[in-house]
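Undergrad:
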Amino acid sequence: MLRLALPNKGRLAEQTLELLDDAGFALPLNSERALTARVGDELEVLFVRAQDIPEFVADGAAHAGVTGWDLVVESERELCARLDLGFGRCRLVAAAREEGPVREVADVPAGARVATAFPHTARRWFAEAGRDVEIVPVSGASEAAPHLGIAELIVDLVSTGSTLRVNGLREIATLLHSSARLVTAPAPAPEVEGAIEDLVGTLASVVRARGRRYVMANVPRAALDRIPKVLPGWNGPTVTEILNSGAHVAVHAVVAEEALAATVRELKALGASGILVTRIERLTP
Ligand code: AMP
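Residue 47 is where the sequence shown starts when you use the working numbering, and the numbers rise one by one after that.
1. Report the start-end ranges of each beta strand (DSSP E) in the segment 252-326 that is 3 residues or longer and not cut off at the edges.
2. Hey, quick one: how far does the alpha helix (DSSP H) through A3 stretch, first residue to last?
3. Where does R57 sit, in a helix, a strand or coil, going by DSSP?
4. Are the CB atoms of L92 and L52 nearer to each other than 9 Å?
5. Any idea what DSSP makes of I196, helix, strand or coil?
6. How is A187 classed by DSSP in three states: helix, strand or coil?
7. Distance check for V112 and T206, CA to CA, integer angstroms please.
8. Just to check, is the beta-carbon of P165 closer than 8 Å to a non-hydrogen atom of the ligand AMP?
9. Going straight from the alpha carbon of E237 to that of T82, what length do you get?
10. Return no unless some Cβ of chain D is closer than 9 Å to the Cβ of D244.
11. Please list the segments of the beta strand (DSSP E) lying wholly inside the segment 67-117, counting only runs of 3 or more residues, in order along the chain.
12. Please report how far the alpha carbon of A299 lies from the alpha carbon of I273, in whole angstroms.
13. So is the beta-carbon of R211 under 8 Å away from any non-hydrogen atom of the ligand AMP?
14. Does D67 pass the burial test, meaning 16 or more other C-beta atoms within 10 Å, or should it be called exposed?
15. How should H223 be labelled, buried or exposed, when 16 other C-beta atoms within 10 angstroms of its C-beta is the threshold for buried?
16. Under 9 Å, do V154 and E122 count as touching if we go by C-beta distance?
17. Shortest alpha-carbon distance to A241 belongs to which of L73, E101 and R128?
18. By a C-beta neighbour count over all protein chains shown, 10 Å radius and 16 as the cutoff for buried, is G134 buried or exposed?
19. How many Å lie between L306 and T286 at the Cα?
20. Which residue or residues does DSSP assign as beta-bridge partners of R227?
21. Return the CA-CA distance between V160 and A231, expressed in angstroms with no decimal places.
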């Protein structure tokens with residue numbers, strides 16, 4: 047049985063459960079409080095703190111885990127990211143006081159103090175940047191540190207950057223880009239490798255489907271040569287006959303979400319009618 051470690055609370059917990067649900071692994075409703083849950087005969091889920099998941103997986107207590115890439119890097123454990131799950135996107139950034147003199151990493155004075163909940167990542171990054179800093183580990187709310195006089199700089203996660211601005215801080219560098227990943231040991235036990243591959247394949251099909259829609263439309267047969275340009279599809283559009291309609295055919299194709307508005311507009315311009323857009327549950331190339 048495959049043991050999978052999932053975040054029990056925090057930002058990643060809900061979206062992780064949603065992903066598993068979409069992938070057909072319905073977790074028991076009381077799973078929020080339970081430490082473990084069984085999903086059929088194939089999966090045993092352990093609910094632990096996102097920060098602890100790299101250790102659980104690296105030590106073999108779980109065969110796979112879902113956690114933020116920032117936490118994997120900070121753990122300094124050797125793990126393999128098998129799949130980017132597409133949520134929990136954020137950046138780990140260095141920031142300084144807006145009204146201060148530090149605008150870029152080259153301005154950071156020797157001995158500057160850096161408050162962060164990511165001491166390993168920050169220490170390594172500043173060393174590689176050739177800056178000699180003192181790391182001040184904090185467990186959270188590092189954005190207050192420069193105003194409290196505890197540090198001149200912080201290293202913290204941001205998604206929009208608005209928290210930094212509200213706190214009078216200016217980003218000076220991005221240390222890493224993060225998102226939720228499915229991670230395993232670099233060489234999982236051979237008896238679970240097949241189950242891991244299946245899990246990666248299933249989750250990947252859901253992640254791939256999320257950013258895409260299925261578009262169907264009736265188009266004039268005369269416009270068919272221009273359809274592949276408007277509706278390229280996964281392997282080219284599907285074209286089918288419409289009963290008793292010699293002048294029109296039905297075309298179907300997968301479209302990236304961000305291209306949807308333009309696709310519908312172009313289909314209309316080609317004389318399409320009955321344009322139907324639906325969600326896709328899973329997509330396996
Ligand atoms: P937390 O909810 O504080 O336990 O954060 C868990 C993880 O959520 C972090 O380690 C990141 O991988 C991720 N995350 C995504 N967006 C953000 C954000 N804006 N700020 C902090 N963490 C984020």
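All C-beta atoms in this analysis are idealised placements derived from N, C-alpha and C, irrespective of residue type, glycine included.
TA: If we stick to the structure as given:
1. 258-266, 284-288, 291-302 and 319-325
2. This structure cannot speak to residue 3, because the chain is shown only from 47 to 331.
3. Translated into positions along the sequence shown, residue 57 becomes position 11. R57: helix per DSSP, three-state reduction.
4. Here residue 92 refers to the residue found at position 46 when the sequence shown is read from its first residue. Here residue 52 refers to the residue found at position 6 when the sequence shown is read from its first residue. Yes, these two residues count as a Cβ contact at 9 Å.
5. As a position in the sequence shown, residue 196 is number 150, starting the count at 1. Looking at I196 - three-state DSSP - the assignment turns out to be coil, as it is neither helix nor strand.
6. Reading the sequence shown from its first residue, position 141 is the one you call residue 187. Coil at A187, not helix or strand.
7. Residue mapping note: residue 206 aligns to position 160 of the sequence shown, counting from 1. Residue mapping note: residue 112 aligns to position 66 of the sequence shown, counting from 1. In a straight line, the C-alpha of T206 is about 23 Å away from that of V112.
8. Walking along the sequence shown from the start, residue 165 turns up at place 119. Result no, Cβ not under 8 Å from the ligand AMP.
9. What you label residue 237 is simply residue 191 of the sequence shown in a count that begins at 1. What you label residue 82 is simply residue 36 of the sequence shown in a count that begins at 1. When rounded, the distance between both Cα atoms is 21 Å.
10. Among the chains of the structure shown, chain D does not appear; only one protein chain is present.
11. 82-85, 89-94 and 110-114
12. Position 253 of the sequence shown, counted from the start, is the residue given in the question as residue 299. Position 227 of the sequence shown, counted from the start, is the residue given in the question as residue 273. Roughly 10 Å between the two C-alpha positions.
13. By one-based count along the sequence shown, residue 211 stands at place 165. Checking the Cβ of R211 against the ligand AMP gives no.
14. By one-based count along the sequence shown, residue 67 stands at place 21. With fewer than 16 other Cβ atoms within 10 Å, it is exposed.
15. For this step, residue 223 is matched to residue 177 along the sequence shown. The residue in question, H223, is exposed, as its Cβ has fewer than 16 Cβ neighbours within 10 Å.
16. Position 108 of the sequence shown, counted from the first residue, corresponds to residue 154. Position 76 of the sequence shown, counted from the first residue, corresponds to residue 122. For V154 and E122, no; Cβs fall outside 9 Å.
17. Position 195 of the sequence shown, counted from the first residue, corresponds to residue 241. The candidate whose alpha carbon is nearest that of A241 is R128.
18. Your numbering for residue 134 matches position 88 in the sequence shown. Result: buried.
19. In the sequence shown, residue 306 corresponds to position 260, counting from 1. In the sequence shown, residue 286 corresponds to position 240, counting from 1. Cα-Cα distance, rounded: 21 Å.
20. The residue you call residue 227 lines up with position 181 of the sequence shown. R227 is bridged to T113 and D130.
21. On the sequence shown, residue 160 is found 114 positions in, with the first residue counted as 1. On the sequence shown, residue 231 is found 185 positions in, with the first residue counted as 1. V160 and A231: Cα-Cα distance of roughly 31 Å.
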